[in-house]
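A quick write-up on the structure given underneath.
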Amino acid sequence: MNLLGSNSKHFIILFSCLFLVHAYGQPGYILGELCFISGNYTSDSQFQTNLNVLLPSLVSNGTRDGFFNTTVGAGSDIIYGLVQCRYDISPEDCQSCLETSSVQIIRRCPNRKKAAIRYDYCILHYSNIQFFSRPDRNARGILYSVGNVSDALANTYNQQLTSLMNTLSSTAASRVSKFDISSINYTSSDQIFGLVQCTTDLSSNDCLSCLQSMISEIRSCCDNSIGARIYSTTCNFRYETYPINPSPRQSASAPPPAVDASPPESTTGHGKGKPTNVVVIVVPIIVSVLLCAICAYFTARRVLKNKRIQKHEIIYDQDELRSEESLQFSLNVIRTATNDFSEDNELGKGGFGLVYKGELPDGQKIAVKRLAKNSGQGPQEFKNEVVLLHKLQHRNLVRLLGFCLSGEETLLIYEFVPNRSLDKYLFDPTKKAYLNWEKRYKIIGGIARGLLYLHQDSRLRIIHRDLKAGNILLDAEMNAKIADFGMAKLFGVDQTQGKTKRIAGTYGYMAPEYALQGSFSVKSDVFSFGVLLLEMISGQKINNFQLLGHASDLRSYAWKLWREGNALQLMDQSLQDSCTPDEVKRCIHIGLLCVQDNLDDRPTMSSVVLMLNSNSLTHESSIS
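All letters in the sequence shown, in the order written, are residues -25 to -1, 1 to 599 by mature numbering (1 follows the signal peptide of the UniProt record, and there is no 0).
Given below as structure tokens:
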């Protein structure tokens, strides 16, 4: 009875360990999905019907050989589909990965006519445009390890890594499987383990060029890193300083030696049968403990590896991986939309370049910012604007639709905001009359709410650093939308202040601590908002003040009038018949609170919004 109890317990332990081993071989984590912007299909359309036929076919046929491509439908509803599993995984894991992919691609890229999803163990790609046998040399995802090899070993490590990757690429390209996995020593006891794979529809030359394009990214993203993974839709590579998953199709582990069930001969005459009980009980315990230890080791290692990879993605987190490709427009589409950047389509000059009006084939109107080659906006600023704006969703922020990188052209595509920028109205002697007090007060409130979202309410804390009238766009209902995030800075959760040697922005709008010392915070944006508020009330530019003889600049003049008790004299004369004097005075007061030299005396944007929406001021005692 006791013996049965022991064996039952051992069975449970062994079963648990085997379950963990099986789980370790599952499809793995999602690397990213690409929801292309080439078009959408509607529910219950023929395209959807064809897609519903395609996906199960890809799963069932792809499971058999690890690769499958096919087409379904004809004409405008034709769909090209392709799946491929990692060559060295089991058919069961391949099937599991493909089944998961076929479900998730619909959930993550709903109604898209072109999409791809990549897991650790497989890729699924479909499109309304033929893509078979065409290499994708664009790095769609870059992940790398936080750990670096020591400086003393860096040269040797990088030389051996380059050698390994070149060898793997050449070998894989020459094989039918388009796959290779191997390792190389960079010290007598340390190794680099590498894996490369192309989709098997590529020619040897295309596979090699695809892999070389991916590998060339190492220098720019992952130099000296002890692990990295870079992939496109047609090829990928990975390297680590620990063994990459074993290859079930290539080298199955040998089973453990059988345990002799017969008891050894007894050398004593005590307790006949006891040696048998000892062997039966002790051996399963030892085997179970060893198996569980192995399971725990590999499971923990995988968890740590996943965390490390997910934590240190380059440029894109998982949401960004999903959308990076979906945001990309072709240059031909934008040229057609803007009439080849015609002067007639020119809307004005924004930060770093000209802005053009355009219209997409579906009739959607867009605004295209064409970055000048000598604009000063480099890759960092461009990345800022794309990544930050894509994450931000608020009615008082301009919406980014996409981007285009082609040759020397660098383009940002936004929603079209028909009434252009605030400065076109505010500082125009004729058009300013259209901005009565009701409209100005509405615009002021919108800007305040947009800044509050950036500073406090979004999942990121962002300092704009270039808030001014030219960067406030007005929609058809004259709602304010903050634009131009090329100089924006992202703060960490607990970060309250940053410092830079590169002063960016517009003088006059810059807080003194930023202009003089390079220090910036949410209070820097508050200062800029205060300047903008004084401009809204006076109709005067901060850097082109026209009441000479009264003060040297608009801010000083506003302070002078406030101290004299004549604050309303700051008001634009065109507002005389439409304003509410108490609201105007309250806004002047808020503006002066915001432009105080001491940043600690300035209110936060949450206080500003509260003061704008109430008849009392929370910072009255702060102003002198």
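A virtual CB, placed ideally from N, CA and C, is assigned to each residue, including glycine.
These numbers were taken from a predicted model, which means no experiment stands behind them.
Helix, strand or coil at residue 206 [DSSP, three-state] | It is a strand residue.
Top-ranked residue by Cα proximity to residue 307, from 9, 535, 13 and 7 = For the options 9, 535, 13 and 7, the alpha carbon positioned closest to that of residue 307 is the one of 13.
What are the start and end residues of the alpha helix (DSSP H) that includes residue 416?
-> Element bounds for residue 416: 412 to 427.
Where does residue 113 sit, in a helix, a strand or coil, going by DSSP?
-> DSSP places residue 113 outside both helix and strand once states are collapsed to three, so it counts as coil.
In whole angstroms, what is the alpha-carbon distance linking residue 284 and residue 195?
-> Residue confidence is low: residue 284 scores 34 on pLDDT, short of 50, so the model does not pin down where it sits. Its coordinate-derived value is still stated next. Spanning the two alpha carbons is a distance of roughly 17 Å.
Coarse secondary structure for residue 540, derived from DSSP in three states | Correct three-state label for residue 540: coil.
So is residue 571 buried or exposed if we call it buried at 16+ other beta carbons inside 10 Å?
-> By the Cβ-count criterion, residue 571 is buried, with 16 or more other Cβ atoms from all chains shown falling within 10 Å of its own Cβ.
Cα separation between residue 186 and residue 303?
-> Their Cα atoms are separated by approximately 22 Å.
If you count every other CB in all the chains shown that lies within 10 Å of the CB of residue 333, and 16 or more means buried, which is it?
-> Around the CB of residue 333, 16 or more other CB atoms lie within 10 Å, so the residue is classed as buried.
Assuming residue 372 contacts residue 443 under a Cβ cut-off of 8 Å, what Cβ separation, rounded to an integer in Å, is found between them?
-> With a beta-carbon spacing of about 15 Å, residue 372 and residue 443 fall beyond the 8 Å limit used to define contacts.
For residue 558, I'd like the list of residues in its chain whose CB is within less than 7 Å of its CB, leaving aside the five on either flank, ordered along the chain.
-> Non-local C-beta neighbours of residue 558 in its own chain, meaning closer than 7 Å and more than five positions away in sequence, comprise 416, ordered along the chain.
Residue 436, DSSP secondary structure in three states = Note: residue 436 maps to strand in three-state DSSP.
Who are the near neighbours of residue 566 in its chain, counting only those whose CB is closer than 6 Å to its CB and skipping five residues on each side?
-> Cβ neighbours of residue 566 beyond the five flanking positions: 505, 508 and 509.
How many angstroms separate the CA atom of residue 425 from the CA atom of residue 34?
-> If you take the alpha carbons of residue 425 and residue 34, they lie about 46 Å apart.
In three-state terms, what does DSSP make of residue 310?
-> Residue 310: helix per DSSP, three-state reduction.
Helix, strand or coil for residue 45 per DSSP?
-> Assigned with DSSP and collapsed to three states, residue 45 falls in strand.
Return the first residue and the last residue of the beta strand (DSSP E) that residue 94 is part of.
-> Here the beta strand (DSSP E) through residue 94 covers 90 to 94.
Hey, would you say residue 529 sits closer than 8 Å to residue 513, going by beta carbons?
-> In contact: residue 529 and residue 513 (Cβ atoms closer than 8 Å).
Mind the definition here: the stretch 459 to 478 touches the stretch 425 to 441 only if three or more C-beta pairs lie below 8 Å; say whether that holds.
-> When Cβ pairs closer than 8 Å are counted between the two stretches, the stretch 459 to 478 is seen to touch the stretch 425 to 441, the count reaching three or more.
In this structure, does DSSP put residue 155 in helix, strand or coil?
-> Correct three-state label for residue 155: strand.
Pull up the DSSP beta-bridge partners for residue 449, would you.
-> DSSP lists 455 as the bridge partner or partners of residue 449.
Is residue 579 helix, strand or coil by DSSP?
-> Taken through DSSP and simplified to helix, strand or coil, residue 579 comes out as coil.
CB of residue 402 within 8 Å of CB of residue 324, strictly = Result no, Cβ atoms of residue 402 and residue 324 do not sit closer than 8 Å.
Rounded to a whole number of angstroms, what is the C-alpha to C-alpha distance between residue 309 and residue 346?
-> Between residue 309 and residue 346, the C-alpha separation is close to 14 Å.
For residue 166, the three-state DSSP class (helix, strand or coil) | Strand at residue 166.
Would a C-beta distance cut-off of 8 Å place residue 58 and residue 97 closer than the cut-off?
-> In contact: residue 58 and residue 97 (Cβ atoms closer than 8 Å).
Below 7 Å CB to CB, which residues in the same chain sit around residue 494 once its five sequence neighbours on both sides are set aside?
-> Cβ neighbours of residue 494 beyond the five flanking positions: 472, 474 and 488.
Top-ranked residue by Cα proximity to residue 160, from 174, 182, 135 and 118 | Check the Cα spacing between residue 160 and each of 174, 182, 135 and 118: the tightest is with 135.
Is it true that the CB of residue 205 sits closer than 8 Å to the CB of residue 144?
-> For the 8 Å CB-CB criterion, residue 144 and residue 205 do not form a contact.
Collapsed DSSP secondary structure at residue 192 in the structure displayed | Residue 192: coil per DSSP, three-state reduction.
Would DSSP call residue 385 helix, strand or coil?
-> Strand, per DSSP.
By DSSP, does residue 515 sit in helix, in strand, or in coil?
-> Looking at residue 515 - three-state DSSP - the assignment turns out to be coil, as it is neither helix nor strand.
Specify the secondary structure class of residue 498 as computed by DSSP and reduced to three states.
-> Helix, per DSSP.
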